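Asks: In the working numbering, the protein residues as written are 52 to 290.
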């Protein structure tokens, strides 16, 4: 199995009529966050079918997929990496795969919101196995890269699932002044997930920060609260 064969299979699903729509949806125009990204025009289920076929691809070949200019190839690589990580049981193997993932993040190969969101929640499980995930998360949250900052937030999803909620609070605070809407959405989403586990922790965060939270972040964070409470937080945040 090789990256070239996987890419050939992805090309077989090419549908030119979808390419322009995908380019607009994923904001690939001049000055947009995914400027210059290229698409083949396949669907996500089709990409997942290729990932399943090539789920045992070696890392050197997987890296070639991550290096592809085509969005579907990088998505396919992320899905394969998820599978290999979840299948891996040895700590040293999981560490190797997580470090490989970080390498792709820092090389700007995980460079759109869907690529982050399909990979970080699963790869973040590695952080439940280390003594202190905060140095890495804080470093990513302070990056100039939009995608590294989004990764820092979405990685905490796995920690939330494991019952470790404090990292989400710390990273959300770190990103409060971020100017990117995609960061506001990610932070609000993770706060909402945290609130499902501990609504009082969410309320304490809101009490301290609602007045300075970006509106999108606030709306996402309070989405699962009772309607009357949501309206109150939105009203209070204006004062």
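Think of the CB as a built atom: it goes at the ideal place given N, C-alpha and C, for glycine as much as any other residue. Computed from a predicted model, the values in this text were never measured in an experiment.
#1: Identify the continuous alpha helix (DSSP H) that holds residue 205 and give its terminal residues.
#2: With H, G and I counted as helix, E and B as strand and the rest as coil, what does DSSP make of residue 121?
#3: Does DSSP put residue 166 in a helix, in a strand, or in coil?
#4: Hey, quick one: how far does the alpha helix (DSSP H) through residue 91 stretch, first residue to last?
#5: Take residue 134 and list the residues in its own chain whose beta-carbon comes closer than 6 angstroms to its own, dropping the five residues that flank it on each side.
#6: Does the stretch 80-93 come into contact with the stretch 136-150, if we say contact requires no fewer than three beta-carbon pairs (one atom in each stretch) closer than 8 angstroms?
#7: Using beta-carbon positions only, say whether residue 82 and residue 65 come within less than 9 angstroms of one another.
#8: Identify whether residue 182 lies in helix, strand or coil by the three-state DSSP scheme.
#9: Helix, strand or coil for residue 314? Go by DSSP, reduced to three states.
#10: Out of curiosity, what's the CA-to-CA distance linking residue 57 and residue 162?
#11: Is residue 124 near residue 116, with beta carbons less than 9 angstroms apart?
#12: Report all residues from its chain with a CB closer than 7 angstroms to the CB of residue 183; omit the five preceding and five following residues, and keep chain order.
#13: Under DSSP, the alpha helix (DSSP H) around residue 109 begins and ends at which residues?
#14: Using C-beta distances below 6 angstroms, list every residue in its chain close to residue 9, excluding the 5 sequence neighbours before and after it, in chain order.
#15: Ignoring anything shorter than 4 residues, give me the alpha helix (DSSP H) runs that lie fully in the stretch 216-271, in order along the chain.
#16: Report the three-state DSSP secondary structure of residue 143 (helix, strand or coil).
#17: Between the alpha carbons of residue 262 and residue 238, how many angstroms are there, rounded?
#18: Please report how far the alpha carbon of residue 130 lies from the alpha carbon of residue 95, in whole angstroms.
#19: For residue 185, tell me which candidate among 267, 272, 289 and 223 has the shortest Cα-Cα distance.
#20: Among 276, 155 and 255, whose alpha-carbon lies nearest the alpha-carbon of residue 114?
#21: Compute the beta-carbon to beta-carbon distance between residue 241 and residue 211, rounded to the nearest angstrom, for a pair I have assumed lies under 8 angstroms.
Replies: Taking the geometry as given:
#1: 197-205
#2: strand
#3: helix
#4: Taken as a continuous stretch (DSSP letters only), residue 91 belongs to no alpha helix (DSSP H), as it is neither H nor E.
#5: 106
#6: no
#7: no
#8: coil
#9: A question about residue 314 goes unanswered here, because the residues of the chain that appear run from 52 up to 290.
#10: 20 angstroms
#11: yes
#12: none
#13: Residue 109 -> no alpha helix (DSSP H), and no H or E assigned at all.
#14: No answer is possible for residue 9: the residues shown for the chain start at 52 and end at 290.
#15: 217-225, 232-248 and 250-260
#16: helix
#17: 15 angstroms
#18: 11 angstroms
#19: 223
#20: 155
#21: 7 angstroms
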